[in-house]
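So the sequence shown is residues 1 to 291, counted in the UniProt record's numbering. Glycine included, each C-beta is placed from N, C-alpha and C at the ideal position. In what follows, a structure is listed as structure tokens, so that the remarks can point back to it.
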Amino acid sequence: MSAISGEVNVRVAVRVRPLLPREKLEGEESCVRVVDQCQLVIGRERAFTFDHAFGARNTQQELYNACVRPLIDALFEGYNATVFAYGQTSAGKTYTMGTCNQEDLLPEERGVIPRAVADLYATVRAKQRQHSAGSVAGSRHELRVTVKVTYIEIYREEIRDLLDSDRTDIRLREDDQGNTILCGASETLCPTEDDLLACLETGSAARVTGATQMNEASSRSHCVFCVTVTQEWTDKLSAGAQQQLQSATPAVRVWLCQLIRAIIFIAMIGTGFQPVEKWTVTKKGCGHSCS
Ligand code: ADP
Ligand code: MG
Numbered sequence: 001m002s003a004i005s006g007e008v009n010v011r012v013a014v015r016v017r018p019l020l021p022r023e024k025l026e027g028e029e030s031c032v033r034v035v036d037q038c039q040l041v042i043g044r045e046r047a048f049t050f051d052h053a054f055g056a057r058n059t060q061q062e063l064y065n066a067c068v069r070p071l072i073d074a075l076f077e078g079y080n081a082t083v084f085a086y087g088q089t090s091a092g093k094t095y096t097m098g099t100c101n102q103e104d105l106l107p108e109e110r111g112v113i114p115r116a117v118a119d120l121y122a123t124v125r126a127k128q129r130q131h132s133a134g135s136v137a138g139s140r141h142e143l144r145v146t147v148k149v150t151y152i153e154i155y156r157e158e159i160r161d162l163l164d165s166d167r168t169d170i171r172l173r174e175d176d177q178g179n180t181i182l183c184g185a186s187e188t189l190c191p192t193e194d195d196l197l198a199c200l201e202t203g204s205a206a207r208v209t210g211a212t213q214m215n216e217a218s219s220r221s222h223c224v225f226c227v228t229v230t231q232e233w234t235d236k237l238s239a240g241a242q243q244q245l246q247s248a249t250p251a252v253r254v255w256l257c258q259l260i261r262a263i264i265f266i267a268m269i270g271t272g273f274q275p276v277e278k279w280t281v282t283k284k285g286c287g288h289s290c291s
């Protein structure tokens, strides 16, 4: 595939956030330097290499363009994607993912999820325009795209549905192909970008938070925000297939021309005492599952 190198399906980026005002007041100094686009140095000489390295001056836009933007194109080409934020409490996971209250932020501070959502709907609109421009009068050319979202958190080993608190029986199961799948979580249909952002906002507000020494409003749970995109189209079919499509039952119709892919955003709470945030982007066929 063009957007992401074909050989590797996991890429790791590291991000070092600037010192917070409180940390500066306490006289703290950074012991980590990003020395080029792929490398950082801890202390004097311990160098670590990643696929991308972002320092205090790198913007949300730069990080998004390098790490997540290509995944949106990939989604429409038939790939699933997972964006995974990992790091110590206060490393900047929530800020980077954009699951904090967006109203308090400047547009340039918006995190990865709102940016991905904007690009996702822009891509849908562009594809639909392209499609209808390519249609022939009287033919069945049509592209239908549906976007659904699931938002859960894992708190003390229990799964909570952040978009429907009445759902209590959410379980992880294994399907017959050995994939780990989530059963019982709600899926909310989001016809517009605003609908999806509203889900992000209400779900994020419902997360369990608590003050820690390092962060006044620390998310005390792991959270998984899953956006599923279904494309259904009726073009590019041979005359025979077109005929079959016309007489097909709805189920067969879907089988003929449906493509379902998901992009999953995961933010984990701090585990251990890693000195810096690690930020991983993976691409693999995980469907609806969160493994
Ligand atoms: P985490 O979710 O990893 O516990 P947060 O995302 O809540 O950490 O970040 C902790 C604090 O650092 C917040 O006040 C956040 O606004 C700030 N912060 C994190 N990353 C950056 C950054 N790249 N630039 C500026 N401020 C940041
Ligand atoms: Mg957080």
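Which residue's Cα is closest to the Cα of residue i: the options?
i           : options               : result
residue 264 : 71, 142, 33 and 174   : 71
residue 107 : 86, 78, 88 and 59     : 59
residue 168 : 198, 184 and 155      : 184
residue 44  : 22, 33 and 51         : 33
residue 83  : 231, 232, 226 and 233 : 226
residue 11  : 115, 17 and 51        : 51
residue 91  : 176, 14 and 186       : 14
residue 66  : 103, 79, 112 and 93   : 112
residue 159 : 186, 146, 145 and 133 : 186
residue 54  : 191, 182 and 39       : 39
residue 149 : 36, 75, 88 and 195    : 195
residue 36  : 27, 26, 200 and 16    : 16
Could you check if residue i is buried or exposed, using at least 16 other CB atoms within 10 Å of its CB as the buried criterion?
i           : result
residue 99  : buried
residue 8   : exposed
residue 223 : buried
residue 81  : buried
residue 18  : exposed
residue 153 : buried
Look up residue i in the DSSP assignment and give the residues it is bridged to.
i           : result
residue 52  : 13
residue 148 : 189 and 228
residue 155 : 158
residue 39  : 36 and 49
residue 172 : 182
residue 81  : 263
residue 223 : 153 and 267
residue 120 : Beta-bridge pairing links residue 120 to no other residue.
Could you check if residue i belongs to the surroundings of the ligand MG, using beta carbon to heavy atom distance under 6 Å?
i           : result
residue 24  : no
residue 96  : no
residue 127 : no
Taking 6 Å as the cut-off, is the CB of residue i close to at least one heavy atom of the ligand ADP?
i           : result
residue 107 : no
residue 17  : yes
residue 204 : no
residue 99  : no
residue 91  : yes
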